[in-house]
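Chains A and B, in that order, give the protein sequences.
Each position in the first sequence, counted from 1, maps to that position plus 1 in the numbering used here.
Each position in the second sequence, counted from 1, maps to that position plus 718 in the numbering used here.
The beta carbon of each residue, even a glycine, is placed where N, CA and C say it ideally should be.
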Amino acid sequence: MYRLTDAQIDYILDDIRRGGIELEDLQYNLLDHICCILERDLKETDDFEVVYRRTIRQFYERELCEIEEQAIHLSTIKNHYTMKKIMLASGAISAAAFITGCIFKIFQLPGTIAFLFAGAALMSLVFLPLMGIARASELGTRAEKVVPLTAALTGSLFILSVLFAIEQWQGRTAMWLLTVGSALLLLAPGYLYAGWQRQDRQATVLNTIVLVGFASALFFMIRIH
Amino acid sequence: MIFPPELIKGTFKTIVLKLLADNKKMYGYEITQRVKELTLERIQMTEGTLYPTLHALESEGLVTTETEYIGKRVRKYYSLSPSGKAKSKEKVKEFAEFVATMQLLLDTNLKPI
Chain A
2 MYRLTDAQID YILDDIRRGG IELEDLQYNL LDHICCILER DLKETDDFEV
52 VYRRTIRQFY ERELCEIEEQ AIHLSTIKNH YTMKKIMLAS GAISAAAFIT
102 GCIFKIFQLP GTIAFLFAGA ALMSLVFLPL MGIARASELG TRAEKVVPLT
152 AALTGSLFIL SVLFAIEQWQ GRTAMWLLTV GSALLLLAPG YLYAGWQRQD
202 RQATVLNTIV LVGFASALFF MIRIH
Chain B
719 MIFPPELIKG TFKTIVLKLL ADNKKMYGYE ITQRVKELTL ERIQMTEGTL
769 YPTLHALESE GLVTTETEYI GKRVRKYYSL SPSGKAKSKE KVKEFAEFVA
819 TMQLLLDTNL KPI
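Here it is as structure tokens:
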């Protein structure tokens with residue numbers, strides 16, 4: 002049986018690391034696995050580099066790092082479902098709190114603010130962030146992931162801004178500016194960029210630009226008059 | 719005939735848990751070879767499938783690990799934890815019921831390989 006040298010083992014480990022495997026545990030598992038195959042298949046007359054390249058190529062379809070991505074995906078999928086359950090529960094509770102708060106407000110009952118505050122806090126600090134994270138984890142590219150995350154941030158800021166405005170709390174203007182800033186500087190460019198990257202969405206992006214431009218122009222003209 | 723990956727995709731955890739239940743401890747390469755041997759190479763558990771599965775089982779607390787140093791290499795052995803033993807029985811039972819149901823549905827008489 003062929004015995005790999007320490008230099009060859011170091012070479013394989015470096016190559017695994019260069020291939021994008023960052024989990025140390027996985028690096029050593031793959032190293033041992035490749036070494037087992039090489040020691041089984043290599044003959045003294047074989048070219049180590051050629052046999053090694055042929056062996057490692059069988060481990061993946063596109064890139065070696067997809068093994069790590071799959072490992073992370075499989076071990077976080079349970080957390081993903083738990084996160085979605087918490088997200089749905091917080092959404093239902095915050096909606097119920099909002100509705101109760103509104104009914105209390107109509108009948109001018111005490112405790113209105115407590116219900117509205119609980120609803121807004123739960124919606125903006127739990128439901129929307131979890132929804133953004135859950136949606137982002139289901140999407141493929143980094144550009145696509147930015148959209149739900151910035152949308153959740155903008156949505157959270159918007160709800161908090163409304164709450165600040167209704168209750169006339171200090172800092173409400175700053176909250177509105179933050180919301181508009183987040184929408185204009187983060188969400189809109191992210192949405193347009195991610196949409197433009199996909200050919201099937203380019204028409205939707207163009208429609209959005211035209212509609213938003215038209216609506217903005219309309220508001221601007223009404224303001225002038 | 720090698721079974722297509724889409725047919726066996728949902729069975730990897732069950733396969734690994736059952737193998738670990740039948741063998742005290744195993745390492746990655748050994749598992750792939752055992753699967754090949756037992757299935758007469760009809761099921762091929764690739765490295766890209768095996769290690770993510772083992773990683774997931776470890777993070778769920780279903781397997782425990784111990785390492786052995788072989789020169790500059792580190793070999794990681796996997797064995798079932800108490801909850802893994804229970805899970806293994808549950809998964810095997812679930813899969814047996816699935817096969818029986820498919821048999822009813824497709825009206826076939828399964829013959830051994």
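Per-residue DSSP class, three states only, for residue i
i, result
"Met744 (chain B)", "strand"
"Lys788 (chain B)", "Checking the displayed sequence, the identity of residue 788 (chain B) turns out to be Ile instead of Lys. Strand, per DSSP."
"Ser797 (chain B)", "strand"
"Thr750 (chain B)", "helix"
"Thr783 (chain B)", "strand"
"Thr56 (chain A)", "helix"
"Lys44 (chain A)", "coil"
"Cys36 (chain A)", "helix"
"Tyr61 (chain A)", "coil"
"Trp177 (chain A)", "helix"
"Tyr3 (chain A)", "coil"
"Glu759 (chain B)", "coil"
"Arg202 (chain A)", "helix"
"Thr764 (chain B)", "coil"
"Leu110 (chain A)", "coil"
"Trp197 (chain A)", "helix"
"Met820 (chain B)", "helix"
"Cys103 (chain A)", "helix"
"Phe215 (chain A)", "helix"
"Met719 (chain B)", "coil"
"Gln171 (chain A)", "coil"
"Ile10 (chain A)", "helix"
Residue burial classification, residue i (beta-carbon count within 10 angstroms, cutoff 16)
i, result
"Gly21 (chain A)", "exposed"
"Tyr192 (chain A)", "buried"
"Lys794 (chain B)", "buried"
"Ala166 (chain A)", "exposed"
"Glu62 (chain A)", "exposed"
"Ile10 (chain A)", "buried"
"Ala72 (chain A)", "buried"
"Gly102 (chain A)", "buried"
"Tyr787 (chain B)", "exposed"
"Gly746 (chain B)", "buried"
"Leu75 (chain A)", "buried"
"Lys731 (chain B)", "buried"
"Met88 (chain A)", "buried"
"Tyr53 (chain A)", "buried"
Closer than 7 Å: residue i CB and nearest the ligand NAD heavy atom
i, result
"Gln200 (chain A)", "This structure lacks the ligand NAD, and indeed carries no ligand of any kind."
Residue i: contacting residues in chain D (beta-carbon distance under 8 Å)
i, result
"Cys37 (chain A)", "In the structure shown, chain D does not exist; the protein chains are A and B."
Practice problem: Mind the definition here: the segment 24-36 of chain A touches the segment 58-74 of chain A only if three or more C-beta pairs lie below 8 Å; say whether that holds. | Solution: yes
Exercise. Taking a Cβ distance cut-off of 9 Å, strictly less, list which residues of the segment 788-806 of chain B are near chain A, in chain order.
Key: Ile788, Gly789, Lys790, Arg791, Val792, Arg793, Lys794
Practice problem: Mind the definition here: the segment 795-802 of chain B touches the segment 770-782 of chain B only if three or more C-beta pairs lie below 8 Å; say whether that holds. | Solution: yes
Exercise. Answer yes if the segment 83-96 of chain A comes into contact with the segment 34-53 of chain A, meaning at least three C-beta pairs across the two stretches below 8 Å, and no otherwise.
Key: no
Exercise. Note down, in chain order, all residues in the segment 6-27 of chain A with a beta-carbon under 9 Å from any beta-carbon belonging to chain B.
Key: Asp7, Ile10, Asp11, Leu14, Leu24, Asp26, Leu27
Self-check item: Touching by the beta-carbon criterion (3+ pairs, under 8 Å), the segment 162-176 of chain A and the segment 127-141 of chain A
Solution: no
Practice problem: For the segment 804-815 of chain B and the segment 733-740 of chain B, state whether three or more C-beta atom pairs, one from each stretch, are separated by less than 8 Å. | Solution: yes
Practice problem: Report yes or no: do the segment 739-751 of chain B and the segment 760-777 of chain B share at least 3 C-beta pairs separated by less than 8 Å? | Solution: yes
Self-check item: Three or more C-beta pairs below 8 Å linking the segment 133-151 of chain A and the segment 108-123 of chain A
Solution: no
Quiz item: Just by C-beta distance, which residues in the segment 750-770 of chain B are closer than 9 Å to chain A?
Solution: Thr750, Gln751, Thr764, Glu765, Gly766, Thr767, Leu768, Tyr769, Pro770
Quiz item: So does the segment 181-188 of chain A actually touch the segment 145-156 of chain A, counting three or more Cβ pairs closer than 8 Å?
Solution: yes
Self-check item: Residues of the segment 74-87 of chain A with Cβ closer than 9 Å to any Cβ of chain B, in chain order
Solution: His74, Leu75, Ser76, Thr77, Ile78, Lys79
Practice problem: Taking a Cβ distance cut-off of 7 Å, strictly less, list which residues of the segment 719-738 of chain B are near chain A, in chain order. | Solution: none
Exercise. Below 8 Å between beta carbons is the criterion; list the residues of the segment 37-57 of chain A that meet it against any residue of chain B, in chain order.
Key: Cys37, Ile38
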